[in-house]
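First to last, the sequence lines map onto chains G and R.
In our numbering, each residue's number is its place in the first sequence (first place is 1) plus 281.
In our numbering, each residue's number is its place in the second sequence (first place is 1) plus 281.
Notes follow once the structure below has been shown.
There are 2 protein chains.
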Amino acid sequence: MARWQSGARERLQAAAIDLFVEHGFGGVTVAEIAAAAGLTERTFFRYFADKREVLFPGHDEFAQNFLHGLEKAPDDDPVSLITAALAGVAEFFPDERRDWSRTRNTILQAHPGFQERELLKMSSLTATLIRALRERGIDPIAAALVAETVGTVFRTAFTAWIAEDETRSFAEIQDDVLARWHGLLTARRS
Amino acid sequence: MARWQSGARERLQAAAIDLFVEHGFGGVTVAEIAAAAGLTERTFFRYFADKREVLFPGHDEFAQNFLHGLEKAPDDDPVSLITAALAGVAEFFPDERRDWSRTRNTILQAHPGFQERELLKMSSLTATLIRALRERGIDPIAAALVAETVGTVFRTAFTAWIAEDETRSFAEIQDDVLARWHGLLTARRS
DNA sequence: GTCGGCCATGTCAGCCACTGTCATCACGCA
DNA sequence: TGCGTGATGACAGTGGCTGACATGGCCGAC
């Protein structure tokens with residue numbers, strides 16, 4: 282018999298999201314989350330750097346997805362780079378996950394501290410992309426603009442995906458946003 | 282004789298930046314900042330919502346600048362909107378302020394919490410721009426992409442402006458970034 | 001098989017960010 | 001002269017977060 286149940290991290294995450302839904306971020310203490318997971322407050326902070334971090338799992342694998350897509354870009358044209366980086370992301374957001382994403386998003390929107398954290402994660406992703414682009418030989422300003430645009434398109438698509446009345450798949454929405462982005466910038470030029 | 286010296290807010294800001302430079306964010310307590318400004322910790326929190334906020338003054342006037350520029354856009358073409366929104370911002374960053382901006386930036390870069398806060402401020406600015414664009418009749422996706430691009434160009438220009446060996450004015454740099462952004466997206470299209 | 005190290009967890013004490021509440025005291029105004 | 005107002009102080013309390021040390025199953029070495 283194990284002294285401790287396995288999956289402490291997952292239990293903490295599940296307990297946190299449940300309690301946040303019920304009482305809001307500020308209405309729940311870390312000690313309460315830990316107790317609901319059968320652990321102590323101190324153990325919570327061994328798994329998560331702070332109270333907010335419990336809602337941001339799997340960030341590293343997520344970033345890897347963009348990098349792997351980028352490697353498959355056929356040339357250094359900005360549009361090619363952006364399209365390639367976005368290509369493999371949709372698998373992270375299957376339809377089964379949409380409701381969970383919506384629940385999580387409701388919590389995030391209710392507390393500016395969560396928005397800060399999410400923005401920092403996106404920023405870290407952008408920085409990772411910039412680094413990869415520079416290593417590919419893209420000049421710094423172009424790398425920055427390409428990476429920021431990847432983030433913009435992804436975020437726009439994600440927001441649309443979890444909108445209340447939306448039923449299209451993530452891939453479909455993202456392709457549409459990308460097409461519209463491209464159209465906006467090539468139309469009506471003098 | 283006044284019971285209290287005036288300019289409590291400014292004294293707190295100045296004390297904070299001095300102490301952060303010397304000891305780092307984590308090496309300074311709010312009580313110490315307040316004492317250096319001749320006030321108490323409780324008064325600090327009457328002026329600033331939290332310890333980080335002391336390094337983010339004047340955010341609202343800053344956002345107004347973008348909005349005023351946007352009003353002057355001649356038409357609803359995305360490039361026109363972006364160019365107009367960026368036009369009036371340079372006056373916020375005269376050359377005299379460059380060293381101060383560099384000092385502040387050094388502090389911000391040293392602590393992820395500050396980066397979070399800065400990202401939240403930028404995000405709030407983007408949201409403000411999106412709202413204004415929608416009220417102008419721009420469709421939601423176009424509004425989002427235009428607003429995000431304004432933020433991207435501004436941030437890219439600001440980063441370049443405070444780079445160690447940079448001497449060009451903010452306006453000059455921003456115009457250059459904008460031109461390069463435009464060039465990147467119109468060149469090499471099939 | 002048992003011994004000893006390893007590692008996840010617990011326990012405890014403490015710092016400090018942040019808040020609510022009430023008191024204080026200069027100033028302006030009637 | 002008295003009273004309201006507004007900025008500040010004083011003080012106690014909550015809770016996020018950390019460091020240091022203890023505990024007790026597991027697992028490999030011998």
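Ideal Cβ positions, reconstructed from N, Cα and C, are used throughout, including at glycine.
Owing to the predicted nature of the structure, the values given are computational and were not obtained by experimental measurement.
- In terms of CA proximity to I298 of chain G, G:T384 leads the group G:G418, G:L362, G:T384 and G:I419.
- Along the segment 334–419 of chain R, the beta strand (DSSP E) does not occur as any fully enclosed run of 3 or more residues.
- DSSP places D331 of chain G outside both helix and strand once states are collapsed to three, so it counts as coil.
- If you keep only unbroken alpha helix (DSSP H) runs of at least 4 residues inside the segment 412–462 of chain R, you get 421–442.
- Assignment of T321 of chain R by DSSP, reduced to helix, strand and coil, places it in the coil class.
- The closest CA to that of W381 of chain G, considering only G:W462, G:F337, G:E313 and G:K332, is found on G:F337.
- Relative to the Cα of A371 of chain G, the nearest Cα in the group G:T467, G:D456, G:A289 and G:S287 belongs to G:D456.
- In this structure, V434 of chain R and L465 of chain R do not form a Cβ contact; the two beta carbons are roughly 12 Å apart against a cut-off of 8 Å.
- Flagged as an interface residue toward chain R: T433 of chain G, by a C-beta distance shorter than 8 Å.
- Within the same chain, Cβ atoms closer than 8 Å to the Cβ of L414 of chain R are found at L351, L362, A423, A424, V427 and A428, the five residues on either side in sequence being excluded.
- Q396 of chain R has a beta carbon lying within less than 8 Å of a beta carbon in chain G.
- DSSP places F306 of chain R outside both helix and strand once states are collapsed to three, so it counts as coil.
- DSSP places G288 of chain R in the coil class of the three-state scheme, outside both helix and strand.
- CA-to-CA, the gap between R378 of chain R and H392 of chain G works out to about 33 Å.
- Within chain G, the residues whose beta carbon sits less than 9 Å from that of R461 of chain R are I422, A423 and L426, listed in sequence order.
- With a beta-carbon spacing of about 11 Å, E313 of chain G and L293 of chain G fall beyond the 8 Å limit used to define contacts.
- Looking only at R:T437, R:I443 and R:P421, the smallest Cα-Cα distance to I411 of chain G is reached by R:T437.
- Taking CB atoms only, E291 of chain R has no neighbour in chain G less than 8 Å away.
- Nearest to F439 of chain G by alpha-carbon distance, out of G:P375, G:G307, G:V360 and G:I388, is G:P375.
- Looking only at G:L401, G:R417, G:E447 and G:A289, the smallest Cα-Cα distance to F326 of chain G is reached by G:A289.
- The closest CA to that of G394 of chain R, considering only R:K332, R:P421, R:Q286 and R:H349, is found on R:K332.
- Within a 10 Å sphere around the beta-carbon of R417 of chain G sit fewer than 16 other beta-carbons, which makes this residue exposed.
- Residues of chain R whose Cβ lies closer than 7 Å to the Cβ of E429 of chain G are, in chain order, T433.
- The straight-line gap separating the alpha-carbon atoms of I454 of chain G and V431 of chain R is approximately 23 Å.
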